[in-house]
Amino acid sequence: MSGSPSSSSGDQLPKKHFQVGRVLAAVFGIAVVGGVIFGMVEYINGMPATLVPASGRVTWDGQPVTIGAVMTQHVDDPFQSAIGAFDEEGRFELMTNGQPGAALGTHKVIVASYGPGMGTSPLVPQEYLKAESSPLSITISSDPQKNVFELEVIGEAPKSPQRGGGAGPPGGSPGGGNQGGGN
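Read in order, the letters of the sequence shown are residues 0 to 182 in numbering that gives the first Met the number 0.
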């Protein structure tokens with residue numbers, strides 16, 4: 000009888016190790032497949048977006064906005080953005096991460112125009128300063144000729160506590176364009 004229990008426990012020991020081995024093999028297989036899938040998703044997400052040339056002009060009351068820049072935020076991917084500084088005619092060319100162009104799709108447009116110096120007041124109506132509130136949007140097409148935009152800022156300049164309010168478009172006000180103050 001003493002031989003019988005030892006032989007049955009000897010039979011159970013290999014079965015137990017075999018089951019643990021199967022579980023470990025399954026867990027390892029799932030981890031490898033999951034890692035491959037995760038790696039593919041990360042690779043695809045890390046691929047640079049297709050950039051297409053895009054440019055335009057921003058005006059306010061018919062005058063070019065010449066101070067600041069246009070910034071865009073893709074509506075489907077908030078991390079996809081572009082920027083373009085204004086020239087003396089209110090024109091801009093969009094750049095993404097230092098490369099010319101913007102990603103395909105619809106973008107909300109921000110008109111970032113502030114007076115000179117740190118902590119100055121905005122020179123355009125408040126709603127144009129944030130993607131959530133800006134009424135402007137553009138759709139970047141794969142055809143660069145369709146990516147030339149004329150954008151119009153509408154509304155009153157925010158009142159500046161130290162300067163007594165804005166008089167019109169930055170850099171191009173029919174009334175002088177000085178935004179008050181000055182020496």
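Just so it is clear, CB atoms sit at the ideal spot from N, CA and C, and this is done for glycine as well.
Treat the numbers as computed from the prediction; the structure is a model and nothing was measured.
Bridge partner(s) assigned by DSSP for residue i
i           : result
residue 136 : 107
residue 149 : 56
residue 99  : 94
residue 113 : 121
Residue i burial status per 10 Å Cβ neighbour count (16 or more: buried)
i           : result
residue 140 : exposed
residue 78  : exposed
residue 64  : buried
residue 51  : buried
residue 84  : exposed
residue 95  : buried
residue 152 : buried
residue 97  : exposed
residue 114 : buried
Spatially closest choice to residue i from the options, by CA coordinates
i           : options            : result
residue 103 : 150, 131, 114, 136 : 136
residue 154 : 92, 125, 142       : 125
residue 147 : 117, 101, 131      : 101
residue 121 : 62, 157, 53        : 157
residue 143 : 74, 99, 58, 59     : 99
residue 87  : 145, 55, 117       : 55
residue 91  : 48, 134, 58        : 58
residue 149 : 80, 132, 53        : 53
Fill in: beta strand (DSSP E) segments (min. 3 residues) lying fully within the segment 44-96
Counting whole runs of 3 or more residues, the segment 44-96 contains the beta strand (DSSP E) stretches 54-59, 68-73, 80-84, 90-92.
Item to complete: Could you say if the segment 61-72 and the segment 97-108 meet the contact criterion of at least three C-beta pairs nearer than 8 Å?
Response: Enough Cβ pairs lie closer than 8 Å, so yes.
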